[in-house]
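Written as structure tokens, this is what we have:
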């Protein structure tokens, strides 16, 4: 079943419905390109063609899928954040699954030597530190190094209606930030792949032979509700919209709901002065095995309300930061915070007591410069 986004158009007195189609559903655009080819898939549990996984769909069309590559959280999407993902065999098809999360983040030459084409089809959430785009970077690099073409099956960006946050600076590259883009980058994976290629961000500025299969009827100013949760701790639209703002708490002693059934929708700490709302993180198999403040009653705020701010903001982080007498009791992983921010300037501003407005003003020039780059690679009508 296709994901239907209803919007209203006044046309001859009629209300029309438009469908957003992930590229995987636009089979007429890519099936002819795959005939007679040995295929490698970079996919996970979000790689669906309606109600069917892309792997199963291609096999039913008698296409030669030789290998699967899986990102963070694994092929089935049930591994915890940061958990090692091992190579395996898909029990349904017997096809070898090569993990790209752990010691080996890039397909090796031997992994792609017998392939004619690779396909990347993974649902992203439009945030720099969400690691699926880092996996895509390494796949592009492997394709470029081994003369293999890459097809990117594009999917809508649920945070694609704006751009915000500091731009990553040199010296702060990591698997949670590989490119000089802001926290909320406003690109689909297809647009970002074109940017990575066009701006020379692959190693030694090599170029990947890239084809983007576009999503249908998508524009950046339309909301998109994901049919499958993209990772274990982003279970719904609210968590996906709050994720850019709350991920900075991952470098602190506060809980953002890992170990509950509403992760990335609450903030709390084991002290009643942080708020009236209460929750207790516990180990949950398949979601969070060792959550922050496990077993402790946390007090704080519930962001599952209609009035909560859903675009990127530092206000939640600053509110908690200011309530701690000693920074070390709150900010427990400074280097991790700087890698998430993509810079150490943000923490310097926070420590200097600058206001939210002053901090945001400090990155407006770099955001404008990024927007000029971004516009060159857009595939869909923008929100401006």
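Residue numbers (mature numbering (1 follows the signal peptide of the UniProt record, and there is no 0)): -17 to -1, 1 to 367. By construction, the Cβ of each residue, glycine as well, lies at the ideal position given by its N, Cα and C atoms. No experiment lies behind these values; they were computed from the predicted model shown.
Beta-bridge pairing by DSSP links residue 47 to 21. For residue 166, same chain residues with a beta-carbon under 7 angstroms away, outside a window of 5 residues either side, are 110, 111, 147, 148, 149, 227 and 295 in chain order.
Checking the DSSP bridge columns, you'll see residue 147 partnered with 167. Going by DSSP, residue 357 is part of the alpha helix (DSSP H) stretching over 347 to 358. In terms of Cβ geometry, residue 32 and residue 8 form a close pair [threshold 9 angstroms]. The distance from the Cβ of residue 342 to that of residue 332 is about 5 angstroms, consistent with a contact at the 8 angstroms cut-off.
Its chain contains 282 as the residues whose beta carbon lies nearer than 8 angstroms to that of residue 255, once the 5 sequence neighbours on both sides are disregarded; these appear in chain order.
For residue 282, the enclosing beta strand (DSSP E) covers residues 281 to 285. Between residue 43 and residue 127, the gap from beta carbon to beta carbon reaches 9 angstroms or more. Per DSSP, residue 342 is not a residue of any beta strand (DSSP E); the alpha helix (DSSP H) it occupies stretches across 339 to 344. Linking residue 278 to residue 265 through their CA atoms gives a straight-line distance of about 6 angstroms. Cα atoms of residue 16 and residue 132: separation of roughly 11 angstroms, rounded to the nearest angstrom.
The segment 171 to 183 and the segment 192 to 200 touch, with three or more beta-carbon pairs separated by less than 8 angstroms.
For residue 234, same chain residues with a beta-carbon under 6 angstroms away, outside a window of 5 residues either side, are 316, 319 and 320 in chain order. Around the C-beta of residue 91, fewer than 16 other C-beta atoms lie within 10 Å, and the residue is accordingly described as exposed.
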